[in-house]
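Contents: one structure, followed by commentary.
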Amino acid sequence: MAESSKRIIRADRGNNISCKGWQQEAALRMLMNNLDPEVAENPDELVVYGGIGKAARNWACFDAIVASLKDLENDETLLVQSGKPVGIFRTHTMAPRVLIANSNIVPAWANWDTFYDLEEKGLMMYGQMTAGSWIYIGAQGILQGTYLSFVEAGKKVFGSADLTSKFILTGGMGGMSGAQPLAGKMAKAVILVVEVERQRIERKIKEGYCDYLVETLDEAMILVEKYTAAGTPASIGLVGNCADIYPEMLKRGITPDIVTDQTSAHDPLNGYIPNGMTFEEALILRKKNPQDYELKAKQTMAKHVQCMLDFQSAGSETFDYGNNIRKYAQDMGVANAFDFPGFVPAYIRPLFCEGKGPFRWAALSGNPEDIYKTDRLALDMFAEDEGLVNWIEMAQKMVKWQGLPARICWLGYGDRHRFALKVNEMVASGEISAPIVFGRDHLDSGSVASPNRETEAMKDGSDAVADWPILNALINTSGGASWVSVHHGGGVGMGYSMHAGQVLVADGSDEARQRIERVLISDPGMGVIRHVDAGYDSAKQVAKDKGIRIPMMEK
Ligand code: NAD
């Protein structure tokens, strides 16, 4: 299973390449960047984020992928099956250089038991979303989305995007969840994050994502009260288990303004930590008696969700943040676990209807100045978009680089390709010093089927239709993305999601221009047509305004 190594992996920087072309070099650097100790949660075991989300199946596979990419011709395509390179075929220059399939299991077998059995036999790894598809950029990748969700919650409940003096309560300060303290602060709130592993909080403090580490609820509430009273944004990490801390908060009559959760509940064995024991005791139990561990983890999730429901009844705006915790709680007898909504139907779907989602780019030069130049371009091109301008200005001030400098920026249909084309020109002219890779989370508008998350409560009931992510991967492959991936089980765990990713390299060439003009139109376009098909009027309007051809859309 977990094979550990103390190797330090870091992507090359600059313009000298060790592959036969920039497409391959970009895949190599982004694979390595995923495992950079500044970026990955547990690089020794190839774990990038999200519980056990890995970049390669094992170290031998990692070495073989690296060797394959270095050897790969400009008209060849490498196939990667759950983190193992399994074949190289001649395709053509415009085809993707890498095609990836991660953690896909035939539907009737698609559960964690089968997955762990296959993993034990060395046949599979868990790719999460951007871990196994080599476009994770550290906590910034989810920062803007989390910030947007808090802001949208604020608008809905308090009529204002400004959360000054508001108190947010949440759980988890790991890979992605570690964005929460900073996102809360960006929204001007006071945010308390309960995290069971002390070192995770220490890391976020070091990275500038969190202000305080405290050991007790008393200390935490003194800070919460002080900063909410002063109207000063602050972030606090409390070492503890949510299911131990929340009942005490409820007993004391504490009612946060907003409650959510991002513990790694999607994986009851290797992610979520059961309560009533120390973190260290939990790790021992996980090894000694996995079945008992899993049962206790699910029982803890039931308590945790019950508390979230109780906070909701007391008046907190409560929402699920995409870790499937409601489903596990429901399975353990919390019949009304789905009484609080997921963040997508609650706040994000209108953005998905415009093809908007977590678009991102990274500078292969390693030079932050290249990202600042892209920031200036975005500020110039989208000056009328107040939210976007605020985001970039805040990100420049508050986000520390992790690995290769990168920027997350939610852009929609029409804007993604316009922006990338300009960047490609800047690379061609030498204004940007080396190629830029453009990618996105699999959590995007038209690339995922996940009934408890991205496709929860679709208007036409099409939540579980998984044809969309498959079509997304197929059109992005046809269009010539640099690498394309199809995964199962990301975000919410085995059996609950199918999703696809794509990454595209802007190396300044005319070939890159052509790839951008195809892929960065069809990829967000999938988001628009998926929501048109589901009956969303705003998506229909976007399709009409932008001239997207949809054969059966009524005029
Ligand atoms: P992670 O494993 O790196 O971090 C999760 C953290 O939760 C860990 O630090 C862990 O110690 C802590 N934790 C586990 N059980 C706990 C408990 N009972 N009480 C308190 N702390 C506990 O995972 P991650 O990358 O941060 O992702 C977290 C979850 O969020 C996953 O389920 C992931 O799929 C989901 N996710 C959601 C989105 C989104 O956009 N909504 C994006 C990415 C990930």
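Start counting the sequence shown at 628; every next residue gets the next number (the numbering used here).
In this text, a Cβ means the ideal position worked out from N, Cα and C, and glycines have one as well.
What you are looking at is a predicted structure, and each value in this text was computed from that prediction instead of being measured.
Pro901 and Ala1139 have their C-alpha atoms some 49 Å from each other.
When DSSP states are grouped into helix, strand and coil, Thr797 belongs to the strand group. Secondary structure of Glu1181 (DSSP, three-state): coil. Of the residues assessed, His719 falls on the exposed side of the cut-off, its CB having fewer than 16 other CB atoms within 10 angstroms. For Arg724, the three-state secondary structure derived from DSSP is coil.
The continuous alpha helix (DSSP H) containing Thr741 extends over residues 739–747. Counting other Cβ atoms within 10 Å of its Cβ, Ile849 stays below 16 and is therefore classed as exposed.
Between Leu1131 and Val1146, the C-beta spacing is below 8 Å. If you check the CB distance, Ala1084 and Pro972 come in under 8 Å. Within a 10 Å sphere around the beta-carbon of Phe716 sit fewer than 16 other beta-carbons, which makes this residue exposed.
The way I'd put it, the stretch 1019–1038 does touch the stretch 757–771; three or more beta-carbon pairs between them come closer than 8 Å. Taking Ser1124 as reference, the option from Ser760, Gln889, Ala1093, Phe970 with the minimal CA-CA separation is Ala1093.
By the neighbour-count definition (other C-beta atoms within 10 Å, threshold 16), Ile1097 is an exposed residue.
As DSSP reads the structure, Gly680 sits in a beta bridge with Tyr676. In this structure, Glu944 lies near Asp884, with their beta-carbon atoms less than 8 Å apart.
With a threshold of 7 Å, the Cβ atom of Tyr948 counts as near the ligand NAD, since some heavy atom of the ligand is closer than that. The C-alpha of Met904 is placed about 19 Å away from the C-alpha of Met876.
Between the stretch 989–996 and the stretch 1158–1175, the count of C-beta pairs closer than 8 Å stays below three; the two stretches do not touch. Non-local beta-carbon contacts of Ala814 in its own chain, meaning distances under 7 Å to residues more than five positions away in sequence, involve Tyr774, Phe777, Val778, Gly781, Leu790 in chain order. When C-alpha distances from Ala856 are compared across Gly749, Lys793, Val1050, Thr843, the shortest belongs to Lys793. The beta carbon of Ile644 sits no closer than 7 Å to any heavy atom of the ligand NAD.
With a cutoff of 7 Å, Phe970 counts as near the ligand NAD, since its C-beta is closer than that to a heavy atom of the ligand. The Cβ-Cβ distance between Ala870 and His931 falls below 8 Å. DSSP places Lys831 within a helical segment (H, G or I) once states are collapsed to three. Exposed is the label assigned to Thr843, since fewer than 16 other Cβ atoms lie within 10 Å of its Cβ. Straight through space, the alpha carbons of Val707 and Val1111 are spaced by roughly 10 Å. For Phe777, the enclosing alpha helix (DSSP H) stretches over residues 767–785. Annotation for Gly1128: the continuous beta strand (DSSP E) segment containing it runs 1125–1133. Secondary structure within the stretch 918–968: the alpha helix (DSSP H) runs of 4 or more consecutive residues, fully enclosed, are 952–958 (chain order). Tyr899 has its CB nearer than 7 Å to a heavy atom of the ligand NAD.
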